[in-house]
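Sequence lines, in order, name chains A and B.
Numbering of the first sequence is given in my numbering, commencing with residue 14 and proceeding in unit increments.
Numbering of the second sequence is given in my numbering, commencing with residue 4 and proceeding in unit increments.
Every residue, glycine too, gets a C-beta built ideally from N, C-alpha and C.
The block underneath contains the structure these notes are about, expressed in structure tokens.
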Amino acid sequence: EAGVTQFPSHSVIEKGQTVTLRCDPISGHDNLYWYRRVMGKEIKFLLHFVKESKQDESGMPNNRFLAERTGGTYSTLKVQPAELEDSGVYFCASSQEGRGPYGYTFGSGTRLTVV
Amino acid sequence: RKEVEQDPGPFNVPEGATVAFNCTYSNSASQSFFWYRQDCRKEPKLLMSVYSSGNEDGRFTAQLNRASQYISLLIRDSKLSDSATYLCVVNEGYSSASKIIFGSGTRLSIRP
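What follows is the structure in structure tokens.
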């Protein structure tokens, strides 16, 4: 079974530019989550999709961040315009319906550096 | 106050030693608890769930004290491969609708 795939693995962009991160969950996993870890801090929740619907987006830092999951398959997280404080590692995780936290699988993350 | 607090370490112990990590959480309504392991520049991976009765998986033992809102992880006969960051994770519910809260992690380094 393929795991959770994230692309790109690394991205270096200039302040003010736009970056789009992609996450392909495990096939059949309805739940998709985005988390991020900024330097020196703990991993923090950003949002949760159930299929194509946003279940909880309480962790999104501001309106420069836009997440989508068209068709309930892969998800994108766009940052526009990027700021220096957006640098960090963005993790995606997926789980089956009903499994919740007991069945989380994380992707290997996208390391974003804004310069 | 952080929702999940851990001693950041680092813990530097010799191979074969026993080491224990602790974690406290602030939300008394939290329902499910986990230890994750994260290797350098890798994703977090579930190590084990934590149950009120305590549970063991090989050399690893996890304990939960709901009254004190305290979670522990004990590693016996530590191996070099146990070197990693250990993340205490708390979930406010059992369902997939509730998000998980991470502690900042405790770094463990096992020396030969």
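Contact list for residue i against chain A, beta-carbon separation under 8 Å
i, result
"S55/B", "Near S55/B there are no residues of chain A at all, since even the closest Cβ is about 15 Å away, more than 8 Å."
"G106/B", "E55"
Option nearest residue i by Cα separation, candidates the options
i, options, result
"S66/A", "G29/A, M52/A, G85/A, S108/A", "G85/A"
"D99/A", "H23/A, V51/A, E81/A", "V51/A"
"P21/A", "E96/A, G111/A, K91/A", "K91/A"
"E96/A", "E81/A, A15/A, Q30/A", "Q30/A"
"C43/B", "G108/B, T88/B, A32/B", "T88/B"
"S31/B", "Y54/B, V92/B, A70/B", "A70/B"
"T64/B", "T21/B, N94/B, Q34/B, K102/B", "T21/B"
"E70/A", "G53/A, Q93/A, L45/A", "L45/A"
Within chain B, the residues that residue i reaches when beta carbons sit closer than 7 Å
i, result
"Y115/A", "S52"
"H61/A", "K102"
Distance CB(residue i)-CB(residue j) smaller than 8 Å
i, j, result
"Y115/A", "W47/A", "no"
"R114/B", "P13/B", "no"
"G120/A", "C36/A", "yes"
"R82/A", "F62/A", "yes"
"K57/A", "G72/A", "yes"
"L49/B", "Y117/A", "yes"
"S75/B", "Q66/B", "yes"
"I103/B", "V92/B", "yes"
Counted within 10 angstroms of its Cβ, other Cβ atoms place residue i as buried (16 or more) or exposed
i, result
"G146/A", "It is not possible to answer for residue 146/A, since the shown part of chain A is limited to 14 through 128."
"V128/A", "exposed"
"Y28/B", "buried"
Closer than 9 Å at the beta carbon, the chain B residues around residue i
i, result
"G122/A", "R44, K45, E46"
Where residue i meets chain A, residues with beta-carbon distance less than 9 Å
i, result
"L67/B", "Near L67/B there are no residues of chain A at all, since even the closest Cβ is about 15 Å away, more than 9 Å."
Within chain B, the residues that residue i reaches when beta carbons sit closer than 8 Å
i, result
"F119/A", "E46, P47, K48"
- Determine which residues of the segment 74 to 108 of chain A have a Cβ less than 8 Å from any Cβ of chain B, and write them out in chain order. F104, S108
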